[in-house]
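>
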Amino acid sequence: MTGNENAVPQADHLTVFFASQTGNAESISRNIYEQAQERGFKAFHHPLNDHAKVDWDKEDCLVFVVSTTGDGDPPDNSTKFWRHLRKLKGVGLTKAKYTILGLGDTNYDNFCQTAKRLDTRLQELGASSFYPRGLADDATGLEETVDPWIKNLWPALAHQVISTPAIHDLPQPHFTQEEEKVVKGLIQKQEQERRQSITAATLDSPRLLSTVISTTTGQDPIENTIKDLSNLTLNLPANLPITPAVGYKIDIDLSAMADHSNLTALPRVPNANLQIADLETAVASRVPGSVPTFIQTPTPLLMATINKVQCLTPSDALKRTLAVEFGFEDDVDYAPGDSFGIWAPNNEALVRGVLSALNVSDAAATKAVRLHGQGIPSHLQTVESATLLDIFRYAVDLTSPPKKANIRLYAEHANDLADKQKLMFMASKQGADQFNAFRAQSPTFLDILHTFPSVNVPLARIIETLPPMQPRYYSITSSPMSKSGHRRWSCAFNVVTYDLSGGIHRRGVCTPWLDELAGQVPFGKAVTTGLTTQRLPVFLKPNETRFNLPSDTTKPVIMIGPGTGVAPFMGFLEHRAEQRLIKKRLVNIGTGPRQHLDDHFGDMWLFFGCRHRERDWLFREQMESYKRDGVLTELLLAVSREENVPNSAKYVQDLMRSQGKNLWNLIHKKGAAIYVCGDAKGMAKAVHDELVNILVDHGGYEKMAAIMELNKWAQEKRYLRDLSLRRLFHALCD
Ligand code: NAP
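Oh and the sequence shown: position 699 is 699 in the UniProt record's numbering, straight run, nothing missing.
1. Assign residue 243 to buried or exposed, taking buried as 16 or more other Cβ atoms, counted over all protein chains shown, within 10 Å of its Cβ.
2. Can you give the Cα-Cα distance for residue 625 and residue 536, rounded to whole angstroms?
3. Write down every uninterrupted run of the alpha helix (DSSP H) in the segment 697-728 whose length is 4 residues or greater and which is fully enclosed by it, in chain order.
4. Is it buried or exposed, residue 582, if we count other Cβ atoms within 10 angstroms and call 16 or more buried?
5. Determine the burial state of residue 650: buried for a count of at least 16 other Cβ atoms within 10 Å of its Cβ, exposed for fewer.
6. What do you get for residue 198, buried or exposed, if any count of 16 or more other CB atoms within 10 angstroms of its CB means buried?
7. For residue 618, which three-state DSSP category applies?
8. Taking DSSP as the reference, what is the three-state secondary structure of residue 21?
9. Once DSSP output is grouped into helix, strand and coil, what is the label at residue 634?
10. Are there 16 or more other CB atoms within 10 angstroms of the CB of residue 708, so buried, or fewer, so exposed?
11. List the whole-angstrom C-beta distance separating residue 479 from residue 578, where the pair is believed to meet the contact cut-off of C-beta under 8 Å.
12. Using a Cβ-Cβ cutoff of less than 7 Å, which residues in the same chain neighbour residue 338 once the five nearest sequence positions on both sides are dropped?
13. In chain order, what residues of the same chain have a beta carbon less than 6 Å from the beta carbon of residue 720, not counting five sequence neighbours either side?
14. Quick one: grab the DSSP three-state call for residue 516.
15. Nearest-angstrom Cα distance between residue 212 and residue 90?
16. If you measure between the beta carbons of residue 788 and residue 56, is that distance less than 8 Å?
17. Quick one: using the 10 Å Cβ neighbour count with 16 as the cut-off for buried, is residue 473 buried or exposed?
18. Should residue 145 and residue 156 be called a contact, given that it needs their Cβ atoms to be closer than 8 Å?
19. Among residues of its own chain, excluding the 5 on either side of residue 121, which ones have a beta-carbon nearer than 7 Å to its beta-carbon?
20. Need the endpoints of the alpha helix (DSSP H) that residue 365 sits in, please.
21. Taking just the CA atoms, how far does residue 451 sit from residue 471?
22. Let me confirm a value: residue 426 is counted as buried when at least 16 other C-beta atoms fall within 10 Å, else exposed. Which label applies?
23. Check the Cβ-Cβ distances between residue 14 and every residue of chain C, and say whether any is below 8 Å.
24. Distance, Cα to Cα, residue 623 vs residue 725?
25. What runs of the alpha helix (DSSP H), each 4 residues or longer, lie entirely inside the UniProt domain "Flavodoxin-like" (14-154)?
26. Taking only three categories from DSSP, how would you classify residue 734?
27. DSSP puts residue 610 in a beta bridge; with which residues?
28. Here's the rule I'm using: 16 or more other beta-carbon atoms within 10 Å means buried, otherwise exposed. How should residue 515 be labelled?
29. In whole angstroms, what separates the C-alpha of residue 92 from that of residue 311?
30. Do residue 276 and residue 369 come within 8 Å of each other at the CB atom, strictly closer than that value?
31. Can residue 541 be considered in contact with the ligand NAP, in the sense that its beta carbon sits closer than 7 Å to one or more heavy atoms?
32. What residues in its chain sit with their C-beta under 6 Å from that of residue 238, if we drop five residues either side in the sequence?
33. For residue 375, which residues does DSSP report across the bridge?
34. Can you tell me the Cα-Cα spacing of residue 736 and residue 105, whole angstroms?
35. Would you say residue 631 touches the ligand NAP, meaning its beta carbon is less than 7 Å from a heavy atom?
36. Write down the C-beta distance between residue 486 and residue 331 rounded to the nearest angstrom, noting that I regard them as a contact closer than 8 Å.
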């Protein structure tokens with residue numbers, strides 16, 4: 001990002017930036033970029049972290065497509081940009097004209113936070129918006145906002161271009177008659193306003209550049225790194241005989257199709273940019289069993305062994321929950337509250353099934369290829385030498401439900417008229433209900449091929465348009481201070497497998513894979529796996545929101561985490577237990593009364609929720625032992641599905657209500673920090689409401705004032721949340 005006072009805006013220049021965690025924002029931004037190119041713009045397309053590649057004052061218009069992750073956090077490929085933006089001062093971006101398309105989910109409190117923050121910050125820096133921002137909601141369907149927003153972007157851009165004097169002889173971007181009509185109307189209106197010379201006079205006049213903006217070009221240590229992992233090995237199920245999966249035929253009720261002959265709002269077919277080049281080398285650089293070099297992670301990739309595994313729930317529990325310990329040969333630095341990512345491959349039978357359905361022979365699947373082409377998706381740009389087998393294992397997502405643009409592409413390539421009509425209908429506005437019903441069955445890519453057998457899309461088009469594979473994230477449940485804690489990470493997760501009606505079996509990507517690798521152990525004690533040669537690709541995700549223990553150990557901590565939401569708190573507790581042990585030794589008060597030790601450590605309260613205490617009270621032994629040792633001050637258990645238990649609370653928020661006065665005292669008198677981890681939709685909202693009630697009932701606040709106070713605490717990092725959505729399949733932890 002550069003600031004140049006003499007920079008001349010170029011009417012035909014358009015830069016599309018994206019900040020994308022799961023690939024949605026990237027694919028939508030690419031669509032805009034490609035349409036801009038088709039219209040004759042000199043268009044550019046970059047992740048936000050590459051902001052310095054563009055002179056923000058020289059480019060005429062900037063379009064941002066940004067998503068939000070976690071509890072209002074920006075995606076990984078924009079963190080460096082945000083650090084840069086924070087450092088900027090004054091109003092140094094007065095020439096920049098921008099618009100923002102935000103992607104978010106209203107199930108989370110901080111809906112489209114990245115888009116809103118970006119908008120505010122750009123305004124503060126003097127940039128002006130040329131088209132109102134759009135905020136698309138994944139809870140109701142992104143397309144509902146994205147499609148009309150993009151449609152109306154072109155008249156807004158046309159307005160910019162037409163009202164900016166052409167400064168060179170390059171051909172100008174072209175627009176449809178309808179768009180030009182809208183623009184002429186806009187220009188007329190603007191002209192009228194200018195004549196009236198009230199407020200409009202200032203609208204387009206450039207303000208003075210008061211600050212020279214510095215450019216950050218330094219390497220960021222936690223930026224994307226591509227590691228040479230050729231000497232690291234992973235024993236893949238490829239060694240076992242694999243029967244390719246066949247896929248399910250998905251039932252779709254298309255009886256309404258006959259009523260609609262004119263289909264509207266069909267998404268455009270994405271451009272074909274990707275090419276697959278055969279390499280001369282007989283085998284890709286990766287030896288079988290190692291991790292492909294094209295994998296990109298936000299922090300360096302590490303190879304871990306599975307040391308131990310324990311099934312925490314008996315077979316009659318609703319969910320199978322595993323605790324797994326990963327080991328490292330060297331020390332790894334982390335803090336309780338951090339998470340880590342695992343780069344799991346797609347299920348091998350699914351991969352083989354897809355390749356077989358695409359008529360890719362075993363010989364072709366194991367030959368070295370290179371992916372190339374102008375403007376190909378960023379996750380494919382590093383595929384320099386890999387087999388198709390590995391590309392389908394590690395680079396593309398085969399299990400996320402399809403987007404409309406993909407359905408439209410498949411329709412283009414359906415050889416059978418009936419298949420084509422069905423797919424076109426589902427991609428249209430008129431077929432929205434059928435499209436949603438289809439997606440609700442979580443069809444894999446193989447299911448789509450099986451349901452529409454005449455679809456024959458060129459391989460390169462498939463690779464290019466499937467979403468990028470995502471790592472799966474888990475909170476670390478261990479402490480680096482514990483014995484060999486620097487060489488191990490522990491975690492806990494539910495093994496995601498589901499049965500849908502019609503005999504359809506669904507499975508997550510990572511958790512069933514880990515379960516199988518670790519031997520599908522039965523409920524009971526932890527088992528040392530002896531898997532000393534198995535290596536798994538993992539990487540650290542440091543907590544950016546300070547969801548870590550307070551550095552002041554005397555500060556009380558209130559932890560609320562039902563189900564596997566308790567994971568980071570087990571790390572907090574192990575850490576605190578170690579801190580107490582060290583303190584005990586250091587100050588030689590081991591023989592003194594316990595309250596001496598407690599003087600150095602604030603209270604720790606844990607609110608945990610499960611269905612049945614005998615079936616899914618995760619980490620029960622550890623929790624009870626921490627309570628006995630005084631590490632935990634209060635252990636409060638809510639049990640949601642046990643009948644005839646007098647005075648028992650159903651949910652954590654019910655427990656909080658009964659402890660309202662004590663909680664208020666902890667918060668108000670002792671300055672406790674509040675941590676909430678788990679499901680964003682039901683639990684986190686209910687806990688938030690209960691905190692409001694506590695402030696009203698015990699702190700004497702008006703309701704609005706209580707809400708504002710909680711917002712203030714969130715900003716001060718005194719009220720911290722680590723939330724995710726519990727969906728049928730959850731790309732972050734399935
Ligand atoms: P779960 O087993 O589905 O639920 C745990 C308890 O919460 C059950 O007793 C359940 O009761 C109850 N519950 C349901 N709705 C509730 C509500 N509205 N308010 C309060 N309690 C409610 O939990 P889980 O599947 O483990 O889910 C935990 C969440 O933590 C997931 O979203 C996961 O992604 C997230 N998470 C996991 C990790 C990790 O490292 N694994 C880390 C951070 C976050 P009923 O079902 O009987 O109603």
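All C-beta atoms, glycine included, are put in the ideal place defined by N, C-alpha and C.
Put simply:
1. exposed
2. 32 Å
3. 703-715
4. exposed
5. exposed
6. At residue 198 the pLDDT is 31, less than 50, meaning the model places this residue with poor confidence; the figure from the coordinates comes in the next sentence. Classification of residue 198: exposed, given that the 10 Å Cβ count is below 16.
7. coil
8. coil
9. strand
10. exposed
11. 6 Å
12. 476, 540, 541, 542, 543
13. 547, 675
14. helix
15. Confidence at residue 212 is low in this model, with a pLDDT of 23, below 50, so the placement of that residue is unreliable and no value is reported for it.
16. No information on residue 788 is available, as it lies outside the stretch 1 to 734 that the chain covers here.
17. buried
18. no
19. 85
20. 362-365
21. 28 Å
22. buried
23. Absent from the structure is chain C; it holds one protein chain and no more.
24. 25 Å
25. 24-38, 79-87, 113-124
26. coil
27. 639
28. buried
29. 57 Å
30. yes
31. no
32. Residue confidence is low: residue 238 scores 42 on pLDDT, short of 50, so the model does not pin down where it sits. No coordinate-derived value is stated.
33. The partner list for residue 375 (beta bridge, DSSP) is empty, contrary to what the question assumes.
34. Absent from the model: residue 736. The displayed extent of the chain is 1 to 734, so no value can be given.
35. no
36. 4 Å
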